[in-house]
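Reviewing the structure listed below.
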Amino acid sequence: MPLGILHLGSVLEAEGYEVRLVDCTVQRNFEEIIRKEVEDEGLSFVGLSVMTVQIPSALDISRMVKGIRSDLPVVWGGIHPTLFPEQTLQAPEVDIVCVGEGERTVVELVEALRSGKELDQVRGIGFKKDGGFFFTPKREPTDLKTLPLLRYDLLDVNEYIFHSLPFSRQKVKVISIHSGRGCPYRCSFCINSHPLFRHYRQIPGERLLAQIEGVMRRYEPDVIYFQDDNFLADRKRTLFLFDALKAKGMEFKWYAVTRANYLSDNYLPIAFWEKYGPNCVGLGIGVESGSERVRNEVLRKELSNEDIEEAVALCARLNIPIGASFMVGIPHETIAERLETLRYIDKLRKINPTLSCNIHYFQPYPGCPLFEEAKRLGFKPPVSLKQWEQMLDRARSWYEWYIPIEELPWIERPAMVKYFLWSIPFATSVKGGIISYVMRKIASASLFIRRKIGLWRFFVELLFWQVLRRTWRFVRHLRRLSPKRSGEMRGI
Ligand code: B12
Ligand code: SF4
Numbered sequence: 042m043p044l045g046i047l048h049l050g051s052v053l054e055a056e057g058y059e060v061r062l063v064d065c066t067v068q069r070n071f072e073e074i075i076r077k078e079v080e081d082e083g084l085s086f087v088g089l090s091v092m093t094v095q096i097p098s099a100l101d102i103s104r105m106v107k108g109i110r111s112d113l114p115v116v117w118g119g120i121h122p123t124l125f126p127e128q129t130l131q132a133p134e135v136d137i138v139c140v141g142e143g144e145r146t147v148v149e150l151v152e153a154l155r156s157g158k159e160l161d162q163v164r165g166i167g168f169k170k171d172g173g174f175f176f177t178p179k180r181e182p183t184d185l186k187t188l189p190l191l192r193y194d195l196l197d198v199n200e201y202i203f204h205s206l207p208f209s210r211q212k213v214k215v216i217s218i219h220s221g222r223g224c225p226y227r228c229s230f231c232i233n234s235h236p237l238f239r240h241y242r243q244i245p246g247e248r249l250l251a252q253i254e255g256v257m258r259r260y261e262p263d264v265i266y267f268q269d270d271n272f273l274a275d276r277k278r279t280l281f282l283f284d285a286l287k288a289k290g291m292e293f294k295w296y297a298v299t300r301a302n303y304l305s306d307n308y309l310p311i312a313f314w315e316k317y318g319p320n321c322v323g324l325g326i327g328v329e330s331g332s333e334r335v336r337n338e339v340l341r342k343e344l345s346n347e348d349i350e351e352a353v354a355l356c357a358r359l360n361i362p363i364g365a366s367f368m369v370g371i372p373h374e375t376i377a378e379r380l381e382t383l384r385y386i387d388k389l390r391k392i393n394p395t396l397s398c399n400i401h402y403f404q405p406y407p408g409c410p411l412f413e414e415a416k417r418l419g420f421k422p423p424v425s426l427k428q429w430e431q432m433l434d435r436a437r438s439w440y441e442w443y444i445p446i447e448e449l450p451w452i453e454r455p456a457m458v459k460y461f462l463w464s465i466p467f468a469t470s471v472k473g474g475i476i477s478y479v480m481r482k483i484a485s486a487s488l489f490i491r492r493k494i495g496l497w498r499f500f501v502e503l504l505f506w507q508v509l510r511r512t513w514r515f516v517r518h519l520r521r522l523s524p525k526r527s528g529e530m531r532g533i
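This is the structure:
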C-alpha cells in the first residue's frame, strides 16, 4: 500500500482539508480520475510520490496535468526528489519539490498556496523563483507520536485486499500497517545509510495497537503486513505489541520483513516464537550473498552465516514460512563468490526445504554508498529526469527494474547473472500447482547440469516455461468456455 501518500492524506484530512488519493500502480482508470480532479477549480495542487523507477509515469502524469491546467502547481515528493531536488526542479513539469518527510510540509504548503503566502515560509521545499531555484531550510523528521491514525478509507482498500502472499497461492485480504521508519543498520546498498534517512524511529506500542485494532475492526483482514524496512527492530515493542493484542483477544495472521539475526532465541525468546509463530504466514529476510566476505565487507550487512542458518532452522522447526532474498552481480563479487551464493542456497534449503528464495541483480539505487562505488567503477548515472526516463525505458525485461544488466560495467558474464535470475526462484519455489512443480524440477536439474559444465547461455528452459505457461493459459481459457464449469467459483 502507498503508505507515504496515505500519511500525507491522513494528516491533511485531520487539518480539515479534503484530499483525493490516487494510486496509479493499482487504479487502472487513474488518468480519468486525475483528469476529472484537475478540472476542479478548488484544487490547490497535484502531488506525486516518486521512486526512481517511477519517474517515467510521474513525468507522464505531470505533463497531463500541465496540459489541462498549466497554472496548477505540480509538487513532487518521495525518494527521488528528496535525493535530487535540483535535478527534479529542472524538469519543466515540476513546480515544487518536497525534500524529506512531508507530513508538516504538506500542511504548510497547502496553507501557503491557498492564502497566497510566499512559499519561502514553508520549510523542507524547493521551488522555482525569478528564473532560478530556491530552497527553504531543512525540515526535521516527523515525530511519529503526534501523527493521526491512518485514514485507510482515503484509499480504495479493495484494490489491496485480495493480494496473494509470497509463500502461498491462496489469495487473502492483506492490510499494510506502518510501524516505524528507517533501520538501525547501515547496509551499503540501502537507502537507510544515507544521512537524510538515518532517523530510525518506531511508532510507540500503544499507538500501533490502536491502529491495528481500528484496521481489524473495520476491514477484518486475513493478514496484517507490517510494511516496514525492518519490523522487529524494536525488541521491547514487539513483545509488548503481541502480548497486548493477545490480551485483547485479537488473533491475527501476520507477515513482515526483518533481519535474520532477530530470528533467534538470543533476541526474541523461543516462547515468543512458539506463541506467535503459528500465526506468522511469512517472514522475509535479506541474505544477499552466500559469500560472507561480500555480505559483510562489500554490503556491510553485519550478518554471519551462523545467524542466517539459525534463523532458517528456527523457522523450519516452528513451521514458519520464510523467504530469503539474494543479489548477484554485486561490485567486487568474483565469479567464485557468485557460485558460492548458489551453494549457500543449497545449504540453506537442506536446513529448511521450504525456504523460498528470490534473487535480483545489484542495481545501484541513488543515495546508497554502493551507488558512489558504482560510479567509481564506471557507471554513469543520468543527470536529468529526461535521462532517467530514457534509461528506465531501456530496462524492459521482466528482471530489469531500472538499468539493463549490460550497462553495468562491473558485471562479468551477464549471461550467468541472467540465468541465476530466472532459475533460482523456480528451483526454490514453494508455491504449489502443476506448472510450478514441473518448473521446479526442470530448474533444479538444469542448475545442477549447468553448474557441472559451466554453461550459462541459451535459456532453452525459459523458452520451455513460456510454452508451458501459454499452453496452460490456453487450457484454462478452454475450461472457462466449457458450459459444465460455468458454476466454478473464483477464490478470494
Ligand atoms: C514499503 C516499500 C515498498 C512497498 C510500497 C511502496 C509505496 N508505494 O509506498 C512496495 C513493496 C510496493 C515497494 C516496491 C518497490 N520499491 Co520500495 N520501499 C518501501 C520502503 C521499505 C518503505 C517506504 C515507506 O512506506 N515509507 C514510509 C512512508 C511514510 O514514507 P515515504 O513513502 O518515503 O513518504 C514520505 C516522504 O517521502 C514524503 N513524500 C512522499 N511522497 C510525497 C509526495 C508529496 C507531494 C509530498 C509533499 C511528500 C511526499 O512524505 C511522506 C511522509 O513523510 C522503502 C525504504 C524507505 N526507507 O523508504 C523502499 C524503497 C522506497 N523502495 C525502493 C525500491 C527500489 C522499490 C522497487 C523498485 C523494488 C523492486 N525492485 O521491486 C519497487 C517499485 C514498485 C513500483 N511500483 O514501481 C527503494 C527506492 C530507491 C529509489 N531511489 O527510488 C527504497 C528506498 C528501498 C531501498 N532500496 O533502499 N516498496
Ligand atoms: S538491515 Fe535491511 S533495512 Fe536495514 S539497512 Fe540493511 S538492508 Fe536496509
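Just so we're aligned: 346 in my numbering is position 305 of the sequence shown, and the numbers increase by one with no gaps anywhere. Every residue, glycine too, gets a C-beta built ideally from N, C-alpha and C. Remember, predicted model here, so these are calculated numbers, not experimental data.
Which residues does DSSP list as the beta-bridge partners of CYS321? To locate residue 321, count along the sequence shown from 1; it is residue 280. DSSP lists TRP295 as the bridge partner or partners of CYS321.
Would you mind stating whether THR129 and LEU383 have Cβ atoms separated by less than 8 Å? On the sequence shown, position 88 is the one that residue 129 refers to. On the sequence shown, position 342 is the one that residue 383 refers to. Not a contact, by the Cβ cut-off of 8 Å.
query = Using the beta-carbon count (16 or more within 10 Å), is TRP314 buried or exposed?
reply = One-based indexing of the sequence shown puts residue 314 at position 273. It is buried - the Cβ of TRP314 has at least 16 other Cβ atoms within 10 Å.
ARG521 burial status per 10 Å Cβ neighbour count (16 or more: buried): Residue mapping note: residue 521 aligns to position 480 of the sequence shown, counting from 1. With fewer than 16 Cβ atoms within 10 Å of its Cβ, ARG521 is classed as exposed.
Applying the 10 Å Cβ sphere with the 16-neighbour rule, what's the burial state of ASN302?
Residue mapping note: residue 302 aligns to position 261 of the sequence shown, counting from 1. Buried, since its Cβ has 16 or more Cβ neighbours within 10 Å.
Could you name the residues of the same chain whose beta carbon sits closer than 6 Å to that of THR93, not counting the 5 residues immediately before and after it, in chain order?
Within the sequence shown, numbered from 1, the residue matching residue 93 stands at position 52. Once the five neighbours on either side are set aside, the close Cβ partners of THR93 are HIS121.
- Item | Whole runs of the alpha helix (DSSP H) within the segment 138-189, excluding any shorter than 4 residues | The qualifying runs are 144-156.
TODO: Please determine if the segment 393-408 and the segment 434-454 are in contact, where contact requires at least 3 C-beta pairs separated by less than 8 Å.
DONE: Contact between the segment 393-408 and the segment 434-454 is present, because at least three Cβ pairs lie under 8 Å.
- Message: By the three-class DSSP mapping on this structure, what secondary structure does VAL116 have?
- Response: For the purposes of this step, residue 116 is taken as the residue at position 75 of the sequence shown. Reduced to three states, the DSSP call for VAL116 is strand.
Original post:
Which class does GLU378 belong to by DSSP, given the choice of helix, strand or coil?
Top reply: Walking along the sequence shown from the start, residue 378 turns up at place 337. GLU378 falls in the helix class under three-state DSSP.
Tell me which same chain residues have a C-beta within less than 8 Å of the C-beta of ARG336, skipping the five on either side of it?
Along the sequence shown, read from residue 1 onward, the residue named residue 336 stands at position 295. So the qualifying residues of the chain are VAL328, GLU329, SER330, LYS342 and LEU344.
* Asked: Tell me which same chain residues have a C-beta within less than 6 Å of the C-beta of MET530, skipping the five on either side of it?
  -> Reading the sequence shown from its first residue, position 489 is the one you call residue 530. Residue confidence is low: MET530 scores 30 on pLDDT, short of 50, so the model does not pin down where it sits. Its coordinate-derived value is still stated next. Cβ neighbours of MET530 beyond the five flanking positions: none.
Looking at C-alpha atoms only, which residue of GLU72, GLY318 and MET432 is the closest neighbour of LYS294? Residue 294 sits at position 253 when you count from the first residue of the sequence shown. The option with the nearest alpha carbon to LYS294 is GLY318.
Check your understanding: Can you find at least 3 beta carbon pairs, one from the segment 421-441 and one from the segment 347-365, that sit closer than 8 Å?
Key -> They do not touch, by the three-pair rule.
In or out: GLU142 buried (at least 16 other Cβ within 10 Å) or exposed? The count along the sequence shown starts at 1 and reaches residue 142 at position 101. So GLU142 ends up on the buried side.
Check this for me: beta carbons of ARG498 and ALA456, under 8 Å apart or not? Here residue 498 corresponds to residue number 457 of the sequence shown, with the count starting at 1. Here residue 456 corresponds to residue number 415 of the sequence shown, with the count starting at 1. In contact: ARG498 and ALA456 (Cβ atoms closer than 8 Å).
task: For HIS401, name the three-state secondary structure that DSSP assigns.
output: Sequence index remark: in the sequence shown, residue 401 carries index 360 (1-based). Of the three classes helix, strand and coil, the one that applies to HIS401 here is strand, per DSSP.
Tell me the residue span of the alpha helix (DSSP H) that contains SER345.
Position 304 of the sequence shown holds residue 345. Taken as a continuous stretch (DSSP letters only), SER345 belongs to no alpha helix (DSSP H), as it is neither H nor E.
### Task
Answer with buried or exposed for ILE475, where buried requires no fewer than 16 other C-beta atoms within 10 angstroms of its C-beta.
Locating residue 475 in the sequence shown gives position 434, where the first residue counts as 1. Per the 10 Å Cβ criterion, exposed.
> Taking the continuous alpha helix (DSSP H) assigned at MET457, which residues delimit it?
Replying inline: Stepping through the sequence shown from its first residue, residue 457 is reached at position 416. Under the DSSP assignment, MET457 falls in the alpha helix (DSSP H) whose first and last residues are 455-468.
CB of SER51 within 8 Å of CB of LEU191, strictly: On the sequence shown, residue 51 is found 10 positions in, with the first residue counted as 1. On the sequence shown, residue 191 is found 150 positions in, with the first residue counted as 1. Yes.
- Return yes when at least one heavy atom of the ligand B12 lies under 7 Å from the C-beta of ASP434, else no. Locating residue 434 in the sequence shown gives position 393, counting from the first residue. The answer is no for ASP434.
Where LYS525 and ARG517 are concerned, what is the direct C-alpha to C-alpha distance, given to the nearest angstrom? Here residue 525 refers to the residue found at position 484 when the sequence shown is read from its first residue. Here residue 517 refers to the residue found at position 476 when the sequence shown is read from its first residue. Caution applies to LYS525, whose pLDDT of 47 falls short of 50 and renders its modelled position unreliable; the model cannot decide the point.
Checklist entry - Mind pulling the alpha helix (DSSP H) runs of 4 or more residues that sit fully within the segment 248-274? => result none
Those residues, in chain order, that have a beta-carbon closer than 5 Å to some heavy atom of the ligand SF4: CYS224, TYR226, CYS228, CYS231, ASN233, ASP270 and ASN271
Note to self: For a quick check, are the C-beta atoms of TYR201 and VAL67 less than 8 Å apart?
What the structure shows: The sequence position of residue 201 within the sequence shown is 160, counting from 1. The sequence position of residue 67 within the sequence shown is 26, counting from 1. Yes. Within cutoff.
Sufficient close CB pairs (3 or more, under 8 Å) joining the segment 137-154 to the segment 111-127: Yes, the segment 137-154 is in contact with the segment 111-127.
Among residues of its own chain, excluding the 5 on either side of SER487, which ones have a beta-carbon nearer than 7 Å to its beta-carbon?
Reading the sequence shown from its first residue, position 446 is the one you call residue 487. Result list for SER487: SER464 and GLU502, in chain order.
| request: Consult DSSP for SER217 and reduce its assignment to one of helix, strand or coil. | output: Your numbering for residue 217 matches position 176 in the sequence shown. SER217 falls in the strand class under three-state DSSP.
Boundaries of the beta strand (DSSP E) in which PHE367 is found, first to last residue: Here residue 367 corresponds to residue number 326 of the sequence shown, with the count starting at 1. Taken as a continuous stretch (DSSP letters only), the beta strand (DSSP E) holding PHE367 covers 363-369.
Task: Three-state secondary structure (DSSP) of SER90 - done: Taking the first residue of the sequence shown as 1, we reach residue 90 at position 49. Residue state, collapsed to three classes: strand.
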